[in-house]
Amino acid sequence: MAEFKKADGIVDWLDQRLAVKSFMKVMMTQYWIPKKINFLWAMGVILLTMFAILFITGLLLVMYYKPDVALAFDSVNKTIMQEVEYGWLWRHMHGVAASVVFLVMYIHMFTGIYYGSYKRGREMIWISGMLLFVLFSAEAFSGYMLPWGQMSYWAAMVITNLFGGIPFIGPELVEWIRGDYAVGDATLNRFFMLHVCLLPIVVIAVIAFHFYSLRFPHVNNEISEELDFDLEAEKYLAGQKKESKVIAFWPDFLCKDIFYICLFMIFYFYLVCFHYDFAMDPINFDPANALKTPPHIYPEWYFLWSYEILRGFSYEIGLACFGIAQVIFFVLPFLDRSDVVAPAHKRGAFMVWFWVLLLDMIILTIYGKLPPVGINNNIATIASVLFLLLLIVILPVITIMERKAKK
Amino acid sequence: MSSRRSFMGFALGATAAVGGVFTLVGMKKTWDPLPSVKAAGFTTVDLSVLSEGELRTVEWRKKPIFILKKTEQMGQSPTDIVADGSRYTVVIGLCTHLGCIPAFHKDEQKFVCACHGGQFDINGKNISGPPPRPLEIPPFAVDGTKLVLGEEGPEYKKMIEKA
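Below, the structure written as structure tokens:
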């Protein structure tokens, strides 16, 4: 065993046992952040804040929630909303956070695409981030089911039915996932397990991995400049803070992040207090009824674009395209064939591609909410085809051209 | 020496693999429907109370089952269930697209699913929209004027063979 000296204080005592001083250096005081980054880089820490809020409010809700088809609806809409003191607040905070976390996640993703933060050396950051997106989607969906309202029930019905499209084993697989011939008590309880136990554990693990993957290539910056972090850090430590292109995460950078968290919290609590209903579908205040379908089923806003891709085609093709849309962003670093790392406005055709993609996804989102009749169907199909073309064909082509033009 | 070591490695790997397979089988079975759920999978319907042209919905395995006693004008179909001299359309009332419940439009003699605009004719055949197949026919057995859902009777087996 190592030699232990008499500690000269509590920090020293801990340092001898847990190396807290080295740990703080790696994590905070000597974790280098480029100076040239704007507010869009604060989205990560806002997401972390949102996750903390979801976690804590979730703990409070789960103390009163009952995962039983006979009790679930009342445990949410009666016990939590009316009897539990401040139960309404935790529920609205949880519901609104679940919705805006996707808004921030989309901004985070598109910031990464715009500034080329998924490229050269940062591929693992991007892939682990996309994994988090998929996990959050599963988390959101399994949580959406728990109040056992009409929309919860039918969303579960439709989503579990999607697996029926898998060749040969489809129908048996659907029954197996549900644990019943239709969505029922067994289904509710297994989604409850996923939502409060398995998925949060996996999410926390992947968040840790996402941060870890950031340590080696470091954070990108506004002009995608390649920095020699060791050299810049030396300057900083030598006291040339003005000349150095980096600052320490703590104490310099975090104060800026905290400022953006405060701004975001104002927006968030404005929604929680005055517009909490935007995350609460009115249909979900009817108890689940297995023998009556609501006239129009749609998911929450953040799934509309991929839902619209599902609807844009005939059944089997729609399922396949939906599957592709779920995973296509994972391979973005490999679809982009150019080695240029630069913000989109310095990349010509890529800039056009970026805005067309964003616009197309907004169109898909809008039409995903509208009933699929008449002209809506045509627009859905065109926008869905465009989405797939943009990612699978156009992106590789324009980036190969970009690479060749550079030579 | 090295062969003894590789034997140990192989034995360890084999033991782990066998344990892993048994664990997976156990976990798969845990997710299967419970015996009580399976046992409740039979429903008996008395057809003699139905009137012609009226749609009756009964619940079987938590799914809605559409039962329609057909009139003369509705014609005949190989998917009809014949019991006590009358013809019936018996289908699982879940759209084959994504599982919503289509509504019966009596005037148009059609089942219309509001979710994605799927349409089925009076025999449950898909006639327009995204549904890929006709409405499914539940396993059934005919017992006089009674229909037993969940049991694969000879009439059901014959119908499935033809299809």
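Residue numbers (my numbering), protein chains in the order written: chain B, 1 to 407; chain C, 1001 to 1163.
The beta-carbon is built from N, C-alpha and C at its ideal position, and this holds for glycine as well.
Close CB contacts of B:Leu-357 within its chain, under the 7 Å cut and outside five residues either way in sequence, are with Leu-390 (chain order). In terms of Cα proximity to B:Ile-53, the closest of B:Ile-261, B:Asn-377, B:Phe-274 and B:Leu-162 is B:Ile-261.
Rounded to whole angstroms, B:Leu-61 and B:Val-373 show a C-alpha spacing of 39 Å. Proximity of chain B to C:Arg-1061 at the Cβ level (cut-off 9 Å) is accounted for by Asp-180, Tyr-181 and Ala-182, in chain order.
Burial state of B:Ala-325 is buried, judged by a 10 Å Cβ sphere holding 16 or more other Cβ atoms.
The beta carbons of B:Pro-343 and B:Ser-224 sit about 6 Å from each other, so the pair counts as a contact at 8 Å. For B:Gln-240, the number of other beta carbons within 10 angstroms of its own is below 16, and it is reported as exposed. Approximately 5 Å separates the beta-carbon atoms of B:Ala-279 and B:Val-96; this is inside 8 Å, confirming the contact.
By the neighbour-count criterion, in which 16 or more other beta carbons inside 10 Å mark a residue as buried, C:Asn-1123 falls on the buried side. Per the DSSP secondary-structure output, C:Ile-1081 pairs in a beta bridge with C:Tyr-1088. The Cβ atoms of C:Lys-1070 and B:Tyr-181 lie no closer than 8 Å to each other.
Taking the C-beta atoms as reference points, B:Trp-41 is found no nearer than 8 Å to B:Leu-332. With fewer than 16 other CB atoms across the displayed protein chains lying within 10 angstroms of its CB, C:Lys-1162 is exposed. Across the segment 1133-1147 of chain C, no CB contact with chain B closer than 8 Å is found for any residue. Between B:Leu-146 and B:Phe-192, the CB-CB gap stays under 8 Å. If you check each beta-carbon in the segment 1019-1052 of chain C against every beta-carbon of chain B, the ones closer than 8 Å belong to Lys-1028, Trp-1031, Asp-1032, Pro-1033, Leu-1034, Val-1037 and Gly-1041. For B:Thr-160, the enclosing alpha helix (DSSP H) covers residues 150-162. Within the same chain, Leu-135 come within 6 Å of B:Val-203 by CB-CB distance, once the 5 residues on both sides are set aside. Look at B:Gln-326 here: in three-state DSSP terms it is helix. In the structure shown, B:Asp-286 adopts coil according to DSSP, grouped into three states.
Nearest to B:Leu-319 by alpha-carbon distance, out of B:Arg-337, B:Lys-407, B:Trp-250 and B:Leu-162, is B:Leu-162. Ranked by Cα distance from B:Cys-197, the options B:Ser-384, B:Gly-170 and B:Ala-138 are led by B:Ala-138.
Your pair B:His-195 and B:Gly-143 checks out as a contact, with CB atoms roughly 5 Å apart and the cut at 8 Å. Residue ranges of uninterrupted alpha helix (DSSP H) with 4 or more members, entirely inside the segment 31-91 of chain B and ordered along the chain, are 43-62.
Within chain B, the C-beta atoms nearer than 7 Å to that of C:Leu-1098 come from Val-158 and Asn-161, in chain order.
Considering only B:Ile-317, B:Pro-371 and B:Val-340, the residue with the shortest C-alpha distance to B:Tyr-298 is B:Pro-371.
Between B:Ile-207 and B:Leu-254, the gap from beta carbon to beta carbon reaches 8 Å or more. Around the Cβ of B:His-94, a 10 Å sphere holds 16 or more other Cβ atoms; the residue is buried. Listed along chain B, no residue sits closer than 7 Å to C:Ile-1065 by beta-carbon distance, the nearest being about 10 Å off. B:Ala-383 sits in a helix when the DSSP states are folded into three classes. For B:Met-157, the closest alpha carbon among the candidates C:Leu-1149, C:Pro-1131, C:Phe-1042 and C:Leu-1098 is that of C:Leu-1098. The beta-carbon of B:Ser-314 is placed less than 8 Å from the nearest beta-carbon of chain C.
At a cut-off of 8 Å between beta-carbon atoms, B:Ala-205 makes no contact with chain C. The residues Pro-371, in chain order, have a CB closer than 7 Å to that of B:His-296 in the same chain once the five nearest residues on each side in sequence are set aside. Taking 8 Å as the cut-off, the beta carbon of C:Val-1142 is found closer than this to the beta carbon of C:Ala-1083. Going by DSSP, C:Trp-1060 is part of the beta strand (DSSP E) stretching over 1055-1060.
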